[in-house]
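Take the position in the sequence shown, starting the count at 1, then add 35; the result is the number in this note's numbering.
For each residue, glycine too, the CB sits at the ideal point set by N, CA and C.
See below for the structure under consideration.
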Amino acid sequence: MSLTAENKKLIFDSIRDINDFPKEGIVFKDITTLLNNKEAYQVLMNHLEERYKTYDLDYVAGIDSRGFIFGAALADRLGIGFVPVRKKGKLPATTVCEKYELEYGFDEVEIHLDAFCNKENAKVLMIDDLIATGGTANAAAKLIKNVKADLVEVCFLLNLKFLEGDKRVEEHAPVYSVLDI
Ligand code: AMP
């Protein structure tokens, strides 16, 4: 089920732009003003629940850290498990990691080796708040496939379409974004 234009606008208007954060030239999309807006947050979560309840998913995987907020709430609504994909050095048990390039330098994301309880082909939806260059989501998608899960779809609240990050991620799974910018 797709969102009405009115509900899209409600969600879009609830997200605040912060100029020059974390550095000059970046327009940071601040979703804290969506989360504290009970109408916008509920409309978004109702939409995600409606979309994914027919996917027969086993897990939702959220990307550190805003992907945890939407991912954990969605997993609970769907009655399934939640798995965090974290920045390097945060997960305590044995992990698999994937390095990716940033504008300057590198970063790494990790997942627990047994994140999907060693169930092969577990059906997983990956989620994050925003896709920009796609570097983070691309690395996270590789991790999910490395631990032998079936990455069914990748979902973003916001897609900065002009950066074409979605094209990188589509090599792994279909991409769905609630709002394209
Ligand atoms: P990327 O790897 O370039 O696709 O960047 C995606 C990650 O960085 C996501 O986890 C986002 O939360 C964060 N991010 C990148 N650009 C922005 C932005 N303009 N506003 C808010 N978050 C951003």
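query                                                                                                    : result
Spatially closest choice to residue 117 from 95, 126, 105, by CA coordinates                             : 95
The stretch 147-160 touching the stretch 117-136, judged by at least three CB pairs closer than 8 Å      : yes
Counted within 10 angstroms of its Cβ, other Cβ atoms place residue 36 as buried (16 or more) or exposed : exposed
Any 3 or more C-beta pairs closer than 8 Å across the stretch 151-159 and the stretch 48-64              : no
Contact test: residue 175 Cβ vs ligand 1 heavy atom, cutoff 6 Å                                          : no
DSSP-derived helix/strand/coil call for residue 82                                                       : helix
Residue 98 - partner residues in DSSP beta bridges                                                       : 120
Reduced DSSP secondary structure (H/G/I, E/B, other) of residue 166                                      : strand
For residue 67 and residue 210, the rounded distance between their alpha carbons                         : 23 Å
Any 3 or more C-beta pairs closer than 8 Å across the stretch 68-81 and the stretch 41-55                : yes
DSSP beta-bridge partners of residue 158                                                                 : 185
Contacting residues, own chain, Cβ-Cβ under 6 Å from residue 38 (five flanking each side not counted)    : 82
Whether residue 98 touches residue 175 by CB criterion (7 Å)                                             : yes
Among 161, 133, 60, nearest to residue 8 - alpha-carbon criterion                                        : Past the edges of the chain, shown from 36 to 216, lies residue 8, and the structure says nothing about it.
Closer than 6 Å: residue 164 CB and nearest ligand 1 heavy atom                                          : yes
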